[in-house]
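Under my numbering, the letters of the sequence shown match residues 35 to 307, in that order. Just so it is clear, CB atoms sit at the ideal spot from N, CA and C, and this is done for glycine as well. Small disclaimer: the values here were computed from a predicted structure and weren't measured. Here is the structure we will look at, set down as structure tokens.
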Amino acid sequence: MPVLLFWEKTLDLSLKDRVAIISGGNKGLGAASAFMLAAEGAKVFLTARNEEDLEKTKSAIASKHRVEVGYIAADITNDDAGDKIVEAALDKFGRIDIVVNGAGAARGGEFLAIENAVWRDAFELKFLGAVKLIRAVLPHMRTQKYGRIVNIIGMFGREPAKQALPASAVNAAFLALNKGLSQQYGGDGIFVNAVDPGPTKSERILRLFSDMAKAKGVTPEELEAGFRQQIPIGRLGELDEVARIVTFLASDASGNVNGTVVAVDGGMTKGLF
Ligand SMILES: NC(=O)c1ccc[n+]([C@@H]2O[C@H](COP(=O)([O-])OP(=O)(O)OC[C@H]3O[C@@H](n4cnc5c(N)ncnc54)[C@H](OP(=O)(O)O)[C@@H]3O)[C@@H](O)[C@H]2O)c1
């Protein structure tokens, strides 16, 4: 292949026919990431629990982008979930190039009112869920000497929120995993990166806002206005804004980027690192 000089290169995502597993792929940030990857030509394999939502998202992606889409309904808190998901994706597509970890949610509240089960659930779902999926896919990626892992984490990992300590702790642990894996497997051609969304308009967040508003006796609009004041650009994020960064990190255009975290939060994170 002729060597291209840098001024001859373009932002080439090279995602056509790559195969991506997306956990949390039936809604929210996971589904948005699956749509964006498919828009760039990747074949996508969705996983989450709700089969009806998986089927709807699959049909929507397949009819819009004319790429192959597969899915498996699985509860990622089950011990064998990672192996099952990877096996099903390999059965469908024969290879896996990309994993996007988008499954997650954690309850919050005042520290003294948070029971052990809430902490356990938070870690079981988002942190251990990602560990299982990554552990199941790594041997395959090492053999092919290629892999892109993108973890959707969240800004509370770097800046804990006092009313959301389980989510903050899970995200901090996830950041450590993200960095550690990038160091361990970069030499195998497996790049591991993360996206830190700020408040982004998924159904879950809008539902959360509506519940919080009810509890505080204000309208969801008034509550949202309070959040907007904390965001330098003055608005919540859109799903596709996170999905675009996920897609970039999942692509070859991200080149030398490994072990990093990209904040997609309108500048809300204040810390330097
Ligand atoms: N939206 C934001 O503002 C924001 C900000 C920072 C970080 N994040 C992070 O981004 C990720 C996605 O959040 P989102 O807002 O897009 O939420 P969402 O729309 O509720 O998506 C969560 C996904 O996880 C799946 N899931 C939940 N429990 C599962 C289980 N036990 N097994 C397998 N899948 C499961 C859900 O599908 P099923 O229910 O069908 O299983 C769904 O697809 C989360 O980790 C969240 O912490 C979001």
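Check                                                                                                                : Outcome
Per DSSP, cross-strand counterpart(s) of R182                                                                        : I132 and F225
Length at least 3, wholly inside the segment 204-290: the beta strand (DSSP E) runs in chain order                   : 224-231
4 or more residues per run - each alpha helix (DSSP H) lying fully within the segment 113-164                        : 115-127 and 150-156
Neighbourhood of N292 by C-beta, 7 Å cutoff - its chain only, sequence neighbours within 5 removed                   : S216, G220, F225, V226 and N227
Neighbourhood of F69 by C-beta distance below 7 Å, restricted to the same chain and skipping five residues each side : I95 and A277
Ligand 1 heavy atom lying under 8 Å from the CB of S57                                                               : yes
F157 CB to nearest heavy atom of ligand 1 below 8 Å                                                                  : no
Cα-Cα separation between I265 and F145, rounded to whole angstroms                                                   : 25 Å
Residue closest to D131, alpha-carbon to alpha-carbon, out of D87, V53 and E258                                      : V53
Identified DSSP bridge partners for A107                                                                             : A82
K77 beta carbon near ligand 1 (any heavy atom closer than 8 Å)                                                       : no
Residues near E158 by beta carbon distance below 7 Å, same chain, minus five either side                             : T111
Element boundaries [beta strand (DSSP E), containing A297]                                                           : V295 to V298
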